[in-house]
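Asker: Going by our numbering, 44 is the number at position 44 of the sequence shown; the sequence numbering is gapless.
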Amino acid sequence: MDSARSWFTKLQTREKSIGKKKELPPNGKEGSEDAPSSATKQRVAAAKQYIEKHYKEQMKNLQDRKERRCSLEKKLADANVSEEEHNNILKQFEKKETEYMRMQRHKMSVDDFDLLTMIGKGAFGEVRVCREKTTGNVYAMKKLRKAEMLRRGQVEHVKAERNLLAEVDHHCIVKLYCSFQDNEYLYLIMEYLPGGDMMTLLMRKDTLTEDEARFYVGETVLAIEAIHKHNYIHRDIKPDNLLLDKYGHLRLSDFGLCKPLDYSNFPDLNEKDVTPAKTQSTNGDGRQQSMPKRTQQEQLEHWQKNRRTLAYSTVGTPDYIAPEVLLKKGYGMECDWWSLGAIMYEMLVGYPPFYSDEPMTTCRKIVNWRTHLKFPEEARLTAEAKDVISKLLCNVDQRLGTKGAEEIKEHSWFGGVEWDKLYELEAAYTPQVTDELDTQNFEKFEESSDSIQCSAKAGPWRKMLSSKDLNFVGYTYKNFELVNDPEVLGMAELKKKEKAKRPSAKSLFGILLRTVDDIDSSPEEEEQPPEVNDEGSARKTEPEGPELSRSLSSPST
């Protein structure tokens, strides 16, 4: 008993001595650890952000899948389909969902695409047509250099663009199918719109008629309204960012890879900083030199001569930027409506309302718009058109659209416009498009050595957490519509199964949508004899499939 007590006492003494050794002072050598470096902290923060985003997206994907299923079942309930067809559609839909889940696990890279014609080039990167190797689908690939985005402070800008395109699923906005990255670049895979952009259209036509302008201004209103409903401010709406599909309908995007106007180095502007309209250049000794006032035609020719250079320069053009943005005041969604007014003016007159040779002079004119907003008599604008422009290019508190897009829609100049059917009508201009790879409506760019396709050097995310990669954690995205199985019916195709309610559908899509009554009243087709193959045996002819699948060839507008 005594020996046991003695052993226990010795054990306690030993444990106390070990505990004292562990409790060394902070400056002691044993047990002290160096504080984690800033690079380690960045990696920890990036890992935390990655994990949180991963599980958040998992929950969102699950919710989206439930919503797609509910939406499909609701459309099936409203559509006139048999029980067998109903079950087949659900079965095919589940196959599509399974394929989508499998695709999400696949790490996409630039090697999945064949890079074709370049259709845009700027300070941050390039845009080119590409073809997905597996499916053969054609897309537009936007490729951005990470180093340039970081150096020019555009990280948040490119993140906001990706988030907007991923969040907003609207026929007025260019569709984003997926986004990914490698060590050097960010990639956005979007739908390819072969109709060109509004800048190209205006350069070809000089000006639009009021009917043509009304159509495209109306579609721009719907596009701006769509992004505003998602609490997003574009701030850089200009003709370069208004793309046309092959039917001539407009989509809002941000394909202009030129640097957004950097006015941070400009001297502070104020509304009293008035620059006379004639003083637009300086001579050799630095003194301002008066320029003769140009006619509308001379101004138009001068603008078109410099338009492309300004569009793809690293400086950018301020012609469409609202004064409250230039004055570095607080601004809201109203600044996009100012841009709309400037674009409408250019459509009808031929050049922006405050154009000058020097960007700084343009900024001063915009800030002092009361003095410089004029309508040339040669343009012959109607009073209603002038009124719309004047109510868009004005103070924020008086600007149309401040209380919502309905203010603009209700203006008399838009009288007769059926806003809910605008994208169903024939477009005011139909671009020439020969095939899905046609690029004739875009400017031609010279290929450079760094444009040659190379393998993506991108391993697992844990191995690519360099200083620039930490800023783009979570950039990857895949759209459900990327799963393009022709046998699997999507939401748009199913909707076409419903009875045609307007006879105009035939003229809009070139497809005769037969109602159930038409089918019942049509004569029965004669049964075709079986085909005979080369071996002499009969081969049963496959039916065309349910009527639901016949609408798959309908063009989307």
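The beta carbon of each residue, even a glycine, is placed where N, CA and C say it ideally should be.
1. To which residues does DSSP link E152 through a beta bridge?
2. Where do the N-terminal and C-terminal ends of the alpha helix (DSSP H) with D387 fall, by residue?
3. Locate the beta strand (DSSP E) running through G125, then write down its first and last residues.
4. Residue range of the beta strand (DSSP E) that C178 falls in?
5. Have a look at the DSSP bridge pairing and note the partners of R145.
6. For the segment 325–394, list the alpha helix (DSSP H) runs that are entirely contained and at least 4 residues long, ordered along the chain.
7. On the criterion of 16 or more Cβ atoms from any shown chain inside 10 Å, does N231 qualify as buried, or is it exposed?
8. In angstroms, rounded to a whole number, what distance separates the CA positions of G122 and N183?
9. Judging by CA-CA distance, which residue of M333, C363 and M59 is the nearest neighbour of L327?
10. Is DSSP giving Y139 helix, strand or coil here?
11. Does the beta-carbon distance from V127 to M141 come in below 8 Å?
12. Measure the C-alpha to C-alpha separation of T200 and P194 and round it to an integer number of angstroms.
13. State the Cα-Cα distance for the pair T361 and H372, rounded to the nearest angstrom.
14. Is any heavy atom of the ligand ADP found at a distance shorter than 7 Å from the C-beta of A428?
15. Using 8 Å for Cβ pairs, my map puts R124 next to L144. What's the rounded Cβ distance?
16. Under 7 Å Cβ to Cβ from V129, same chain only, skipping five residues before and after it: list those, please.
17. For chain D, is any of its Cβ atoms less than 8 Å away from the one on G122?
18. Under the three-state reduction of DSSP, which class applies to I119: helix, strand or coil?
19. To which residues of the same chain is E498 closer than 6 Å at the C-beta, ignoring the five residues directly before and after it?
20. To which residues of the same chain is G196 closer than 7 Å at the C-beta, ignoring the five residues directly before and after it?
21. Between R399 and E334, is the Cβ-Cβ spacing less than 8 Å?
22. Going by other Cβ atoms of all chains shown within 10 Å of its Cβ, with 16 needed for buried, is A342 buried or exposed?
23. Write down the C-beta distance between A213 and M347 rounded to the nearest angstrom, noting that I regard them as a contact closer than 8 Å.
24. Let me know the secondary structure DSSP gives I173 once reduced to three states.
25. In angstroms, rounded to a whole number, what distance separates the CA positions of A239 and F180?
26. Count the other CB atoms within 10 Å of the CB of Y345; is the residue buried (16 or more) or exposed (fewer)?
27. With distance defined between alpha-carbon atoms, name the residue in E148, R43 and D112 nearest to T135.
28. Identify the residues that DSSP records as bridge partners of D197: which are they?
29. Nearest-angstrom Cα distance between A428 and T207?
30. Is R102 helix, strand or coil by DSSP?
31. Within the continuous alpha helix (DSSP H) that includes L222, where are the two ends?
32. K409 lies in the alpha helix (DSSP H); which residues open and close that run?
33. Grouping DSSP H, G and I as helix and E and B as strand, with all else coil, what is R251?
34. Classify K246 as buried or exposed, calling it buried when 16 or more other Cβ atoms lie within 10 Å of its own Cβ.
35. Here's the rule: buried if 16 or more other CB atoms are within 10 angstroms of the residue's CB, otherwise exposed. What is T220?
Answerer: Once the coordinates are examined:
1. Correcting the residue identity first, residue 152 is Arg in this sequence and not Glu. The partner list for R152 (beta bridge, DSSP) is empty, contrary to what the question assumes.
2. Counting along the chain, the alpha helix (DSSP H) containing D387 begins and ends at A383 to L392.
3. Secondary structure note for G125: its beta strand (DSSP E) is the uninterrupted segment G125 to E132.
4. C178 -> beta strand (DSSP E) spans L176 to Q181.
5. Y185
6. 334–349, 359–367, 369–372 and 383–392
7. exposed
8. 20 Å
9. C363
10. Here Y139 sits in strand by DSSP.
11. yes
12. 12 Å
13. 11 Å
14. Inclusion of the ligand ADP in the displayed structure is not the case, the ligand content being empty and no account of it being possible.
15. Checking the sequence shown, residue 124 turns out to be Phe, not Arg. Right, their Cβ atoms sit about 5 Å apart.
16. L116, T117, I119, V138, A140, Y192, L437 and T439
17. In the displayed structure, chain D is absent; only one protein chain is listed.
18. strand
19. Low per-residue confidence applies at E498: pLDDT is 42, beneath 50, and the placement is therefore not dependable, though the value from the model is reported in the following sentence. Once the five neighbours on either side are set aside, the close Cβ partners of E498 are A79.
20. L244, P431, N441 and F442
21. Contact flag set, yes.
22. buried
23. Taking a contact as a CB-CB distance under 8 Å, the pair A213 and M347 counts as one, their CB atoms being some 4 Å apart.
24. strand
25. It should be pointed out that residue 239 corresponds to Pro in this sequence rather than to Ala. Distance between the alpha carbons of P239 and F180 is about 27 Å.
26. A residue is called buried when at least 16 other Cβ atoms come within 10 angstroms of its Cβ; Y345 meets this threshold and is buried.
27. D112
28. L243
29. 13 Å
30. helix
31. E210 to H228
32. E406 to K409
33. strand
34. buried
35. buried
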